[in-house]
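K.L.:
One structure follows; several queries about it will come next.
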Amino acid sequence: MTTLDTDISDARTISKIEKASESSRKNLTSKGASVAAVVIAVLWTVPTAGLLISSFRPEADIKTTGWWRIFVDPSFTLDNYRAVLSGSSQYNLSEYLINSAIITIPAVIIPISVATMAAYAFAWMQFPLKNFLFILVFALQIVPIQVTMIPLLSLYVDLGLAGGDAPGGGFYTIWLSHAMFALPLAIYLLHNFMSEIPGELIESARVDGAGHVQIFTRLILPLMTPAIAAFAILQFLWVWNDLLVALVFGGGSPDVSPLTVQLAALSGTRGQDWHLLAAGAFVSLIVPLIVFLALQRFFVRGLLAGSVKG
Amino acid sequence: MSAGEKILQALIVIALFFAVVAVILVLTSRLRSRVGEYIQSTAFLLPTLILIGVGLLYPAISTIRLSFRNNFDKLWVGFDNYQTIFTDSDQLRVLFNTALWVIITPIVATLIGLIYAVLVDRARFEKFAKALIFLPMAISLVGASLIWKFVYDDNVGLVNAATEAIGLGRHHLLINGPWNNLLLIVIMIWVQAGFAMTVLAAAIKAIPTDIVEAARLDGVGGLKMFRFITVPSIRPTLIVVLTTITITTLKAFDVVRTVTGGNFDTSVLAYEFYVQSFRSNNAGLGAALAVLIFVLVLPVVIYNVRQMRKVAAR
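Going down the list, the protein sequences come from chains D and U. Heads up: the first sequence runs through residues 1 to 310, numbered per my numbering. Heads up: the second sequence runs through residues 1 to 314, numbered per my numbering.
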């Protein structure tokens, strides 16, 4: 609580100082400007709020009246959530929720484990063709994933990785694809961070007789934790929210499809079932929202760097 | 598969990759010499090179070759697939829609992001106000599409209620072209404005105060300050934001697929690629569409990377 209190009093003093200079400093923030800001904020919030409110309204109400009627005639229910999550309904989102998690966790860990090693090699080892290979990896960031998909899918089929009888129940195609598409960006981000570590640190460790493996595991990896965390969050949100990769490589099979695939399918086939679509949408949104709100700092930092990915 | 089996499979694949890393580290840990370093670096890079080679390099080259073949007997057909894209009336509609998306989305999203960033800069609830606009970035495009499909709904949607209330009547919003395209573009703008706002807000905060103060002493204020001080100072960042949103927009197919399924003349390049490649079994045309996306993205990315260097150098 004490930290919170100091935060608040800090904020107060700051806001006092700012207020004092506000009139001189601020130009656009007149009354009209405040109104414009509020209008934008409302426009950006109302659509989400509408669907969120609707997800708690009884089916009959949603289908006949707009969600804003809730303020005149309030009635709430959790039935919609019960219906989409239960295994007996055709929605059965709890199974797809599990699929999303099963896809996402390895798809975040695999590229990180592979990319940290590669980034270390590019940053601190000497070998022939180093610059050429690094530029190649950097350049591959810009290949849109669409360009790779047709041949990659037939390759998976030839290798026997696709389909329900394949090893891992068909998840390998999705895991590997996400890992491959993430690697160029992961290596680039981690390399940038790694080359900022002072060279003297590495040199003195080498003088003390440490080899690359010892330096990598004992010295570099602990220092890399913030960068790895930043990339992990980006990749987590990217994989969790992905539709294209899961759709193409999972082939729409309920065994391996994540929430996004099922929701998109329901939007097409059961587009009028708003009581269930609304609840379903928020089941899928809740995880990335929690991750985002808890770890916003890292996310914003990695945002620009990751913007040209796949 | 049961949930338990799936978790087991996930653990197996994670263990597999950790084992590869561990084996490489253990096997190369004793190497010290210069030649040893070559072997070590090869081992460190091997998993990456295999994954990138198999997953990106080989398929990209293969797709380019495929785009020059016909679909049925895999014969070389030269530029026929590309010719289809630029002559077939359905495909021309796709190109027109894509142009709409790529021109409108970056400009409007950046404009709104910029205006909002300036408005809330140093305002009382700055953090909260920013989070509101930024939140759509965290959710999936499928989720965003559902949120807006509900706004556009024929019976209980907000837009129809509003148009009826002001006497304009009810409409089947998503069916009537070409306006339905604009309604889909609104969804992308809604998502991307948060990105623009966050990046631009950081750039605005980085404008040196002495420039702002000097301008103020000269009597510059309000809109003039915005036009002559703020915008020129953050110009490289503005270009980075514009190009980044352009790239994202060119590659996104989720909105079209979720809201209209490409019906009612709303298909775009990235969605058409998906349909031709994986629904209509028209791999040759699909490959050509993918290559076209690549060709369109390439100059934008190069420009983007150059501007990003400028921003980083500041």
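Here a beta-carbon is modelled for each residue, glycine too, at the ideal position from N, C-alpha and C. Predicted, not measured: the structure shown is a model, and the values here were computed from it.
Short of 7 Å in beta carbon distance, which residues of its chain neighbour VAL151 of chain U, apart from the five on each side in sequence? Order them along the chain.
P.N.:
Correct list, in chain order: GLY157, LEU158, VAL159.
K.L.:
Applying a beta-carbon distance threshold of less than 8 Å, which residues of chain U neighbour TYR120 of chain D?
P.N.:
PHE44, listed in chain order.
K.L.:
Check GLU22 of chain D in the structure and name its three-state DSSP category.
P.N.:
Here the model assigns GLU22 of chain D a pLDDT of 42, short of 50, so the residue's position is not dependable and the matter cannot be decided.
K.L.:
Please confirm if ILE374 of chain U has its CB atom under 8 Å from at least one CB of chain D.
P.N.:
Summary: the structure shown does not reach residue 374 of chain U, with chain U confined to residues 1 through 314, and so no result is reported for it.
K.L.:
TYR82 of chain U: which of U:VAL305, U:ARG309, U:VAL300, U:LEU269 sits nearest, CA to CA?
P.N.:
Nearest of U:VAL305, U:ARG309, U:VAL300, U:LEU269 to TYR82 of chain U, Cα basis: U:LEU269.
K.L.:
Closest by CA to SER177 of chain D, which one among U:VAL300, U:LEU56, U:ALA109?
P.N.:
That would be U:LEU56, whose Cα lies nearest to the Cα of SER177 of chain D.
K.L.:
In chain D, what lies closer than 7 Å to GLY143 of chain U by C-beta?
P.N.:
Chain D residues near GLY143 of chain U: ALA281, SER284, LEU285.
K.L.:
At a Cβ threshold of 8 Å, is SER113 of chain D touching chain U?
P.N.:
Judged by the 8 Å Cβ criterion, SER113 of chain D is in contact with chain U.
K.L.:
To which residues of the same chain is SER23 of chain D closer than 6 Å at the C-beta, ignoring the five residues directly before and after it?
P.N.:
Low confidence applies here, because SER23 of chain D scores a pLDDT of 39, under 50, leaving its location unreliable; read the following figure in that light. Hits under 6 Å: none found.
K.L.:
To the nearest angstrom, how far is the alpha carbon of ILE12 of chain U from that of GLY4 of chain U?
P.N.:
Cα-Cα distance, rounded: 12 Å.
K.L.:
State yes or no: is the C-beta of VAL301 of chain U within less than 8 Å of the C-beta of THR237 of chain U?
P.N.:
No.
K.L.:
Give the DSSP-derived three-state secondary structure of ARG257 of chain U in the structure shown.
P.N.:
Three-state result, ARG257 of chain U: helix.
K.L.:
Under 8 Å between the Cβ atoms of LEU66 of chain U and ALA283 of chain U?
P.N.:
In this structure, ALA283 of chain U lies closer than 8 Å to LEU66 of chain U by Cβ.
K.L.:
Less than 8 Å between the C-beta atoms of PHE249 of chain D and THR173 of chain D, yes or no?
P.N.:
Yes, the Cβ-Cβ distance between PHE249 of chain D and THR173 of chain D is below 8 Å.
K.L.:
What are the residues in the region 215-235 of chain D lying within 9 Å of chain U by C-beta distance?
P.N.:
Here the close residues are PHE216, THR217.
K.L.:
Between the C-alpha atoms of HIS171 of chain U and LEU133 of chain D, what's the straight-line distance to the nearest angstrom?
P.N.:
Whole-angstrom Cα-Cα distance: 56 Å.
K.L.:
For GLN40 of chain U, which residues in chain D fall below 9 Å Cβ to Cβ?
P.N.:
Those are ALA121, MET125, PHE127, GLY211, HIS212, VAL213, listed as they occur along chain D.
K.L.:
Would you report the Cα separation of ILE40 of chain D and TRP76 of chain U, rounded to the nearest angstrom?
P.N.:
Taking the straight line from one Cα to the other gives about 53 Å.
K.L.:
Among D:VAL72, D:VAL137, D:LEU153, which residue has its Cα nearest to the Cα of TYR188 of chain D?
P.N.:
Checked all of D:VAL72, D:VAL137, D:LEU153; the closest Cα to TYR188 of chain D is D:VAL137.
K.L.:
Give the residues of chain D in contact with MET1 of chain U, contact being defined as C-beta atoms less than 7 Å apart.
P.N.:
Within 7 Å Cβ-Cβ: GLY169, ASP255.
K.L.:
Could you list which residues in chain U have their beta carbon closer than 9 Å to that of ASN241 of chain D, in chain order?
P.N.:
ALA138, ILE139, SER140, LEU141, VAL142, GLY143, ASP254, listed in chain order.
K.L.:
For ARG69 of chain U, which three-state DSSP category applies?
P.N.:
If DSSP states are grouped into helix, strand and coil, ARG69 of chain U belongs with the strands.
K.L.:
Taking the alpha carbon of ALA139 of chain D as the reference point, which residue from D:PRO167, D:TYR91, D:PRO184 has its own alpha carbon closest?
P.N.:
If we check each option's Cα against that of ALA139 of chain D, D:PRO184 comes out closest.
K.L.:
Under 8 Å, Cβ to Cβ, is there at least one residue of chain D near ILE14 of chain U?
P.N.:
Yes - at least one Cβ of chain D is within 8 Å of the one on ILE14 of chain U.
K.L.:
Does any residue of chain D bring its CB to less than 8 Å from the CB of TRP148 of chain U?
P.N.:
Yes, TRP148 of chain U lies at the interface with chain D (some Cβ there is under 8 Å from its Cβ).
K.L.:
Can you have a look at GLN192 of chain U and say buried or exposed, based on whether 16 or more other CB atoms are within 10 angstroms of its CB?
P.N.:
GLN192 of chain U should be labelled buried.
K.L.:
So, ALA119 of chain D versus LEU190 of chain D, is the Cβ gap smaller than 8 Å?
P.N.:
The answer is yes: Cβ separation under 8 Å.
K.L.:
Taking Cβ-Cβ distances shorter than 9 Å, what residues in chain D pair up with LEU158 of chain U?
P.N.:
Here the neighbours are VAL46, PRO47, GLY50, GLY66, TRP67, TRP68.
K.L.:
Answer with yes or no whether the minimum CB distance from TYR58 of chain U to chain D is below 8 Å.
P.N.:
So, interface residue.
K.L.:
Rounded to the nearest angstrom, how far is the Cβ of ALA186 of chain D from that of PHE298 of chain D, given a contact under 8 Å?
P.N.:
With 8 Å as the limit, ALA186 of chain D and PHE298 of chain D do not qualify as a contact, their Cβ atoms being about 14 Å apart.
K.L.:
So, for ALA123 of chain D: in the same chain, excluding its five sequence neighbours on each side, which residues have a beta-carbon less than 7 Å away from its beta-carbon?
P.N.:
Once the five neighbours on either side are set aside, the close Cβ partners of ALA123 of chain D are HIS191, MET194, SER195.
K.L.:
Roughly how many whole angstroms lie between the Cα atoms of ASP165 of chain D and GLN9 of chain U?
P.N.:
Straight-line Cα distance between these residues: approximately 13 Å.
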